[in-house]
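Take the sequence shown: its letter number 2 is residue 2 in the UniProt record's numbering, and every next letter is one higher.
C-beta: ideal position from N, C-alpha, C; glycine also.
First up is the structure itself, then whatever we jot down about it.
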Amino acid sequence: TWPERLSIAFQAASGINYLHQLPEPVLHRDIKSLNFLVERAYEGYTVKVCDFGLARTRNETTRQTKYNSTRAYTLPWTAPEILRLEDYLDKSDIYSLGVVFWELSSITIPYYDRQDDIIRAFVLAGDRLKIPEGTPSTFHDLIKKCWAQQPNDRPSSSHLIEIIEQCIQIQIPWKISQPLTDINVLLGQSGTLSFTCDEFSSPTVTWLVI
Numbered sequence: 001t002w003p004e005r006l007s008i009a010f011q012a013a014s015g016i017n018y019l020h021q022l023p024e025p026v027l028h029r030d031i032k033s034l035n036f037l038v039e040r041a042y043e044g045y046t047v048k049v050c051d052f053g054l055a056r057t058r059n060e061t062t063r064q065t066k067y068n069s070t071r072a073y074t075l076p077w078t079a080p081e082i083l084r085l086e087d088y089l090d091k092s093d094i095y096s097l098g099v100v101f102w103e104l105s106s107i108t109i110p111y112y113d114r115q116d117d118i119i120r121a122f123v124l125a126g127d128r129l130k131i132p133e134g135t136p137s138t139f140h141d142l143i144k145k146c147w148a149q150q151p152n153d154r155p156s157s158s159h160l161i162e163i164i165e166q167c168i169q170i171q172i173p174w175k176i177s178q179p180l181t182d183i184n185v186l187l188g189q190s191g192t193l194s195f196t197c198d199e200f201s202s203p204t205v206t207w208l209v210i
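Here's what the structure looks like:
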């Protein structure tokens, strides 16, 4: 349901915002659906950011960019400035979150049937995947803001959280009586949920409830 998807989006953005707001900000640099663990606990969901193998502080990222042109990334989630070998920015993480949000909307792996050179040219030209019909208009607009071609046109992680809160208020206004501090209060089912992508066996995002 959309409340469930927005719950996941909210907590994913909150996790990245935590990294970006540290005294020495950390950039994740490998944001994709595979790197979010989603567990359905006794009350609601808990979303955890994982795989910090490419994560660096902002200062470390600047030094690496200056002295090393070699990049490691997962192409479908990679911002155009990284494909141009420019500096990795906080807003590069935001672009990747936009692709994850598109996955939440489409339940499909991004560019699963495209070759790497086609994906690269598509993104560098400013083209983007079609956002599915039925996506709430506020979330639709949010995805477009996240993957804007120019980093300065993308929201910050803190602004992103505010926008998702607005999306939730529009979708389920009767649930919101005060500013959101914990999106988990919106959901109350038990079990375990894994949000996974298998690029080799299926073009869809698979939801496994245990």
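Item: Identity of the residues DSSP links to residue 61 by a beta bridge; Value: According to DSSP, residue 61 bridges with nothing at all.
Item: Distance, residue 82 Cα to residue 121 Cα; Value: 13 Å
Item: Alpha-carbon spacing of residue 146 relative to residue 129, whole angstroms; Value: 13 Å
Item: Residue burial classification, residue 125 (beta-carbon count within 10 angstroms, cutoff 16); Value: exposed
Item: Residue burial classification, residue 5 (beta-carbon count within 10 angstroms, cutoff 16); Value: buried
Item: Inter-residue spacing [alpha-carbon to alpha-carbon] between residue 169 and residue 25; Value: 30 Å
Item: 9 Å Cβ cutoff met for residue 47 and residue 15; Value: yes
Item: Start-to-end residues for the beta strand (DSSP E) that takes in residue 39; Value: 36-40
Item: Other residues of its chain near residue 106: CB distance less than 7 Å, five sequence neighbours each side excluded; Value: 132
Item: Whether residue 164 touches residue 55 by CB criterion (9 Å); Value: no
Item: Assigned secondary structure, residue 5 (DSSP; H/G/I helix, E/B strand, else coil); Value: helix
Item: Expected contact under 8 Å - CB spacing of residue 13 and residue 172 to nearest Å; Value: Going by Cβ atoms, the distance from residue 13 to residue 172 rounds to 18 Å, so no, they are not a contact pair.
Item: Boundaries of the beta strand (DSSP E) in which residue 46 is found, first to last residue; Value: 45-49
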